[in-house]
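Participant: These protein sequence lines map, in sequence, to chains S and V. All residue numbers for the first sequence refer to the UniProt record's numbering, where the first residue is 1 and numbers rise by one. All residue numbers for the second sequence refer to the UniProt record's numbering, where the first residue is 1 and numbers rise by one. Can you read through this structure? Questions will come right after.
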Amino acid sequence: MTESGKPILYSYFRSSCSWRVRIALALKSIDYETIPINLIKDGGQQFSEEFQKLNPMKQVPALKIDGTIIGQSLAIIEYLEETRPTPRLLPQDPKKRAHVRMISDLIASGIQPLQNLSVLKEVGQENQLTWAQEAINFGFNALEQILQTTAGKYCVGNEVSMADLCLVPQVANAERFKVDLTPYPTISRINKSLLALEAFQVSHPCRQPDTPPELRA
Amino acid sequence: MTESGKPILYSYFRSSCSWRVRIALALKSIDYETIPINLIKDGGQQLAIIEYLEETRPTPRLLPQDPKKRAHVRMISDLIASGIQPLQNLSVLKEVGQENQLTWAQEAINFGFNALEQILQTTAGKYCVGNEVSMADLCLVPQVANAERFKVDLTPYPTISRINKSLLALEAFQVSHPCRQPDTPPELRA
Numbered sequence: 001m002t003e004s005g006k007p008i009l010y011s012y013f014r015s016s017c018s019w020r021v022r023i024a025l026a027l028k029s030i031d032y033e034t035i036p037i038n039l040i041k042d043g044g045q046q047f048s049e050e051f052q053k054l055n056p057m058k059q060v061p062a063l064k065i066d067g068t069i070i071g072q073s074l075a076i077i078e079y080l081e082e083t084r085p086t087p088r089l090l091p092q093d094p095k096k097r098a099h100v101r102m103i104s105d106l107i108a109s110g111i112q113p114l115q116n117l118s119v120l121k122e123v124g125q126e127n128q129l130t131w132a133q134e135a136i137n138f139g140f141n142a143l144e145q146i147l148q149t150t151a152g153k154y155c156v157g158n159e160v161s162m163a164d165l166c167l168v169p170q171v172a173n174a175e176r177f178k179v180d181l182t183p184y185p186t187i188s189r190i191n192k193s194l195l196a197l198e199a200f201q202v203s204h205p206c207r208q209p210d211t212p213p214e215l216r217a
Numbered sequence: 001m002t003e004s005g006k007p008i009l010y011s012y013f014r015s016s017c018s019w020r021v022r023i024a025l026a027l028k029s030i031d032y033e034t035i036p037i038n039l040i041k042d043g044g045q046q047l048a049i050i051e052y053l054e055e056t057r058p059t060p061r062l063l064p065q066d067p068k069k070r071a072h073v074r075m076i077s078d079l080i081a082s083g084i085q086p087l088q089n090l091s092v093l094k095e096v097g098q099e100n101q102l103t104w105a106q107e108a109i110n111f112g113f114n115a116l117e118q119i120l121q122t123t124a125g126k127y128c129v130g131n132e133v134s135m136a137d138l139c140l141v142p143q144v145a146n147a148e149r150f151k152v153d154l155t156p157y158p159t160i161s162r163i164n165k166s167l168l169a170l171e172a173f174q175v176s177h178p179c180r181q182p183d184t185p186p187e188l189r190a
C-alpha cells in the first residue's frame, strides 16, 4: 500500500489481463495507484529482480492490496468481489456464476495465453500473426456459440460480470491481430455495449499513465 | 444429468483438466457417471466447474474461508490452469511440430514451476495453501503428472514434489488417477 493506503496496481497499458483488473477497480470505484511495468523495454521490466520478488510469475497484473500481493487477473477480480461486493461482478445464482466463470476461463486460459507476448516470441515473427489469429478464432468460435444460451444485454444476462471484463480486452487483441469479427455478431454487439460504459473507457489502454503519446486518446 | 439424476462427467482419462474435476467429485463424495471422450481441445473451464461444485456442495471445503487465502488458492490454480497447462496441451503441441514438442512443453512447465515453487514458500503448509486440501492442490497433482510425462527434472522444485507426494497418498487423488478410469487403456491400467 502507498502511504495513503491506496492499492497499487502493477500494469502495462496494453496488457489485456491488466485491463480486466482496471475495469473491475473502476466499476467498484476503488481508487488506486498504477506502477507501470513495460513488457518490452529493457528486455521486459517484468523480468527485473525487483518485480520478480513481488510477483514470481513475472507477469502483469499484480495488485498490492490489504497487506498482500495477488497475481493472476481472475484471482484478483474474485478477491475484489469478495471484499468489495458492490456492485456485483458475479451473479447470485450458482449456475449463472458458473457461466460467468466458464466464459472468463475460456478467454483467460483458452485464448489469451496462446497469443500473449512470450508465446508469440517463441513461435517466431513470421508465424506470429497466423498463430494469434488461430488461437483467437478457435476461442471466439466456441464463445459465440456459448453466448447464444447465456447472453442478454451482456455476456451472462443483463448485468455486467467478470466475463464482460474478459471479453472487451480480448476483442481489442483480436482487432490488433486483424481477426475478422464478422463471424462473431454476438461478441461484437456485447463488446460495443460495454465500450459505451465509463468503467471500460477510463480503464482503456489509450488512457493509462504509461500510454505512449502517439497512442493516447 | 442421467435419468438417475447423477451428474455426468465428460472425461478423458489422461486429461489433467478432467483429472482436477474428478478429484473434486471424489473429495465431495459426489457419485457420477463418466462419458469418456477422446481428447478434444479442453481449456481451463474446469475451474468454473470446481467453483460450482464448491458453491452447491460446500463440504468438504475446497476453498478456505479467508478471502486472502482464497485469493492465493485461485492465484495458484490460475497459474497452472492458464499459465502452464494451455501451453503444453495436445493441440498446442501439435502446432509446434513433433521435433519441438518436448522442449516446448518442458519450457512451459519449468517457467511455471519456477514461479510456483517461489509462491509456495509463502503460502504452503502441508498443502499448497496452509494445511487443508484446496482447488490449488487439485491443479498441482495433474500438472506434476504432466511434468513427469514430459521428463521435466523436478529436483529444482522440492516443495512442489513434497506436496504432490502427500496429495497422492489421499484416496480422492488415487481413485481419480488416469490409470484407474473407465477409458484407461489396458496397458496403462494400475
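Idealized CB from N, CA, C, for every residue including glycine.
Using a Cβ-Cβ cut-off of 7 Å (strictly less than) and excluding sequence neighbours within five positions of F200(S), which residues of its own chain qualify?
Facilitator: Locating residue 200(S) in the first sequence gives position 200, counting from the first residue. Taken in chain order, the residues that qualify are I23, V168 and L194.
Participant: Relative to the C-alpha of P113(S), which candidate in T130(S), A217(S) and A135(S) has its C-alpha closest?
Facilitator: Here residue 113(S) is taken as the residue at index 113 of the first sequence, counted from 1. Nearest option by C-alpha distance: A135(S).
Participant: So S104(S) and L74(S) are in contact, right, with Cβ under 8 Å, and what is the actual spacing, rounded?
Facilitator: In the first sequence, the residue the question calls residue 104(S) occupies position 104. In the first sequence, the residue the question calls residue 74(S) occupies position 74. Going by Cβ atoms, the distance from S104(S) to L74(S) rounds to 6 Å, so yes, they are a contact pair.
Participant: Since K68(V) contacts Y32(V) with CB under 8 Å, what's their CB separation in whole angstroms?
Facilitator: Mapped onto the second sequence, residue 68(V) falls at position 68. Mapped onto the second sequence, residue 32(V) falls at position 32. That pair is no contact at about 32 Å.
Participant: Please name the residue, chosen from P185(S), R101(S), E198(S) and N55(S), that lies closest to Q121(V) on a Cα-to-Cα basis.
Facilitator: Taking the second sequence and counting its residues from 1, one reaches residue 121(V) at position 121. That would be N55(S), whose Cα lies nearest to the Cα of Q121(V).
Participant: For chain S, find out if any of its Cβ atoms is closer than 7 Å to the Cβ of E132(V); answer yes or no.
Facilitator: Your numbering for residue 132(V) matches position 132 in the second sequence. Answer no: the Cβ-Cβ gap between E132(V) and chain S never drops below 7 Å.
Participant: Are there any heavy atoms of the ligand MG lying less than 6 Å away from the beta-carbon of P91(S), as far as the coordinates show?
Facilitator: Questions concerning the ligand MG fall outside what the structure shown contains, since it holds no ligand whatsoever.
Participant: Any idea what DSSP makes of E49(S), helix, strand or coil?
Facilitator: As a working note, residue 49(S) is residue 49 in the first sequence. Looking at E49(S) - three-state DSSP - the assignment turns out to be helix.
Participant: Taking three-plus beta-carbon pairs below 8 Å as touching, is the stretch 172-182 of chain S in contact with the stretch 111-130 of chain S?
Facilitator: The answer is yes - the stretch 111-130 of chain S touches the stretch 172-182 of chain S, with three or more Cβ pairs under 8 Å.
Participant: CB-CB under 7 Å to I40(V), same chain, minus the five flanking residues each way: which ones, in chain order?
Facilitator: Translated into the one-based positions of the second sequence, residue 40(V) becomes position 40. Note that I40(V) scores 43 on pLDDT, short of 50, meaning its location in the model is unreliable; the coordinates nonetheless yield the value given after this. Cβ within range, chain order: n/a, list empty.
Participant: Let's see if you can read the secondary structure: which residues bound the beta strand (DSSP E) around Y10(V)?
Facilitator: As a first step, residue 10(V) must be located in the second sequence, where it is residue number 10. From DSSP, the beta strand (DSSP E) with Y10(V) extends over I8 to S11.
Participant: Do three or more CB pairs link the stretch 130-141 of chain V to the stretch 77-86 of chain V at distances below 8 Å?
Facilitator: At 8 Å Cβ cutoff, the stretches touch.
Participant: Short check: CB of I119(V) to CB of V152(V), under 7 Å?
Facilitator: Here residue 119(V) corresponds to residue number 119 of the second sequence, with the count starting at 1. Here residue 152(V) corresponds to residue number 152 of the second sequence, with the count starting at 1. No, the Cβ-Cβ distance between I119(V) and V152(V) is not below 7 Å.
Participant: For the UniProt domain "GST N-terminal" (5-88) of chain S, which segments carrying the alpha helix (DSSP H) assignment without a break, of at least 4 residues, lie completely within its bounds, in sequence order?
Facilitator: Counting only runs of 4 or more, we get 16-27, 49-54 and 73-83.
Participant: So the beta strand (DSSP E) Q36(V) belongs to, where does it begin and stop?
Facilitator: In the second sequence, the residue the question calls residue 36(V) occupies position 36. Inspection of the sequence shows that residue 36(V) is occupied by Pro rather than by Gln. First-last of the beta strand (DSSP E) with P36(V): E33 to P36.
Participant: F138(S) lies in the alpha helix (DSSP H); which residues open and close that run?
Facilitator: Position 138 of the first sequence, counted from the first residue, corresponds to residue 138(S). Q128 to T150 is the span of the alpha helix (DSSP H), which, as asked, contains F138(S).
Participant: Within 10 angstroms of its Cβ, does I35(V) collect 16 or more other Cβ (buried), or is it exposed?
Facilitator: For the purposes of this step, residue 35(V) is identified with residue 35 of the second sequence, where counting begins at 1. Burial call: exposed.
Participant: Can you pull the chain V neighbours of T130(S), defined as C-beta to C-beta under 7 Å?
Facilitator: As a working note, residue 130(S) is residue 130 in the first sequence. Residues of chain V passing the Cβ test: none, with the nearest at roughly 10 Å.
Participant: Using a 10 Å radius around the Cβ and a threshold of 16 neighbouring Cβ atoms, would you call R74(V) buried or exposed?
Facilitator: Translated into the one-based positions of the second sequence, residue 74(V) becomes position 74. Burial call: buried.
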